[in-house]
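Chemist: Just so we're aligned, residue 169 is where the sequence shown starts under my numbering, counting upward by one.
Beta carbons: idealized from backbone N, C-alpha and C, even for Gly.
Predicted model, so just to flag it, every value in this text is computed and none were measured.
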Amino acid sequence: MKKIIIAIDGYSSCGKSTFAKAIAAKLGYTFIDSGAMYRAVTLFAIRNEFINPGGSVKKQELIAALPQIHIRLAHSTQSGKSEAFLNDENVEREIRLGEVSDKVSRVSEIGEVRGRMVALQQEMGGQKAIVMDGRDIGTVVFPQAELKIFMTADPVIRAQRRYKELTAKGEPVNLADIEKNIRERDRIDEYRAVSPLRKAADAIVLDNSHLTVEQQMQWVMDLITEKTK
Ligand code: DC
Numbered sequence: 169m170k171k172i173i174i175a176i177d178g179y180s181s182c183g184k185s186t187f188a189k190a191i192a193a194k195l196g197y198t199f200i201d202s203g204a205m206y207r208a209v210t211l212f213a214i215r216n217e218f219i220n221p222g223g224s225v226k227k228q229e230l231i232a233a234l235p236q237i238h239i240r241l242a243h244s245t246q247s248g249k250s251e252a253f254l255n256d257e258n259v260e261r262e263i264r265l266g267e268v269s270d271k272v273s274r275v276s277e278i279g280e281v282r283g284r285m286v287a288l289q290q291e292m293g294g295q296k297a298i299v300m301d302g303r304d305i306g307t308v309v310f311p312q313a314e315l316k317i318f319m320t321a322d323p324v325i326r327a328q329r330r331y332k333e334l335t336a337k338g339e340p341v342n343l344a345d346i347e348k349n350i351r352e353r354d355r356i357d358e359y360r361a362v363s364p365l366r367k368a369a370d371a372i373v374l375d376n377s378h379l380t381v382e383q384q385m386q387w388v389m390d391l392i393t394e395k396t397k
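Following this line, the structure appears as structure tokens:
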């Protein structure tokens, strides 16, 4: 079977990572969560006080510090998952917390940050046989990807899913705040000047508002069979 690149883009909290991970496991491909990389840069910015109290980023300071930021994603045999490392520290848990989620859109709209992340992602995908999820994978990172999927779902349903996920982890969260954060992230992702969230012309849309992961898998496996012939 031919090895391909599968690019999965779409809105926040659509289940892109869950879907991408399931596809990678089924095919024996490597899953790469590009959002984790932007989250790790955001954590670095928070820790170094490069974010103003109002949420805006001290752009020049962050850009100047970029050479000191080393990000790596590594498969953990303990958790069976890919985990993010910031300067060799495992930050997988911390990058998923609310503070990072609230600020990551502002960091990921900086062109210099994107330039570094895209170069790293392209390097990671050099061998094919990867499933990468993000916002600009099919448009910027791998415009040549053989299969591109653009995921979307009703924001109310996305907020409910996220609420369940966070409460299960014991995080004290509020449903209305989550919905607000999702809508705000959609807006920033879609309207930023550099690499805005766009469906690639050759991407196939998947609205999973009312689909289970199993149903999505059935749908995608037919496409993959076609593309890897
Ligand atoms: O997929 P996620 O929610 O973990 O992504 C976190 C943030 O990073 C999100 O607000 C958008 C940004 N992002 C991006 O701009 N480009 C990507 N390829 C992946 C994520």
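1. Taking the alpha carbon of Asn303 as the point to measure from, which residue in Ile172, Arg330, Arg355, Gly338 has its own alpha carbon closest?
2. For the alpha helix (DSSP H) containing Asp270, name the first residue and the last one.
3. Can you give the beta carbon distance from Glu257 to Glu251, rounded, assuming they're within the 8 Å contact cut?
4. Contact check, Ile350 vs Ala327 under 8 Å by CB: the rounded distance?
5. Rank Gly306, Tyr197, Lys184 by C-alpha distance to the C-alpha of Lys171 and give the top, closest one.
6. In angstroms, rounded to a whole number, what distance separates the CA positions of Glu291 and Ala371?
7. Helix, strand or coil: which one does DSSP assign to Arg303?
8. Quick check on Met300: buried or exposed, where buried means 16 or more other Cβ atoms within 10 Å of its Cβ?
9. Which residues does DSSP list as the beta-bridge partners of Asp201?
10. Residues in its own chain within less than 7 Å of Gln384 by CB, not counting five upstream and five downstream?
11. Does the beta-carbon distance from Ile278 to Lys226 come in below 8 Å?
12. Under the three-state reduction of DSSP, which class applies to Ile278: helix, strand or coil?
13. Would you report the Cα separation of Leu195 and Gly178, rounded to the nearest angstrom?
14. My understanding is that Lys316 touches Ala175, with C-beta atoms under 8 Å, so please give their C-beta distance in whole angstroms.
15. Can you check whether the CB of Ser363 is closer than 8 Å to the CB of Arg282?
16. Among Asn220, Val309, Glu314, whose alpha-carbon lies nearest the alpha-carbon of Lys395?
17. If contacts are defined as beta-carbon pairs under 8 Å, then Ile237 and Phe212 qualify, I think. What distance do you get, rounded to the angstrom?
18. Just the C-alpha distance for Lys262 and Met169, rounded to the nearest angstrom, thanks.
19. Do Arg366 and Val272 have their C-beta atoms within less than 8 Å of each other?
20. Quick one: grab the DSSP three-state call for Arg355.
Modeler: On the basis of the supplied data:
1. Reading off the sequence shown, one finds Arg at residue 303, where the question assumed Asn. Among Ile172, Arg330, Arg355, Gly338, the Cα nearest to that of Arg303 is on Arg355.
2. That run of the alpha helix (DSSP H) goes 266-275.
3. Glu257 to Glu251, Cβ: 11 Å. No contact.
4. Contact annotation, Ile350 with Ala327: C-beta distance approximately 5 Å; criterion of less than 8 Å satisfied.
5. The residue with the shortest Cα to Cα distance from Lys171 is Tyr197.
6. Cα-Cα distance, rounded: 22 Å.
7. Looking at Arg303 - three-state DSSP - the assignment turns out to be coil, as it is neither helix nor strand.
8. Classification of Met300: buried, given that the 10 Å Cβ count is 16 or more.
9. According to the DSSP secondary-structure assignment, Asp201 is paired through a beta bridge with Asp301.
10. A distance below 7 Å between beta-carbons, with the five flanking residues on each side excluded, links Gln384 to the following residues of its chain, in chain order: Phe187, Leu374, Asn376.
11. Contact flag unset, no.
12. Correct three-state label for Ile278: coil.
13. So the alpha carbons of these two residues sit roughly 21 Å apart.
14. Approximately 5 Å separates the beta-carbon atoms of Lys316 and Ala175; this is inside 8 Å, confirming the contact.
15. Taking the C-beta atoms as reference points, Ser363 is found nearer than 8 Å to Arg282.
16. Lys395 has its Cα closest to that of Glu314, out of Asn220, Val309, Glu314.
17. Between Phe212 and Ile237 the Cβ distance is about 5 Å, and since that is below 8 Å, they are a contact.
18. Sequence inspection shows Glu at residue 262; the Lys mentioned does not correspond to that position. Spanning the two alpha carbons is a distance of roughly 38 Å.
19. By the CB criterion at 8 Å, Arg366 and Val272 fall outside the cutoff.
20. In the structure shown, Arg355 falls within a helical segment according to DSSP collapsed to helix, strand and coil.
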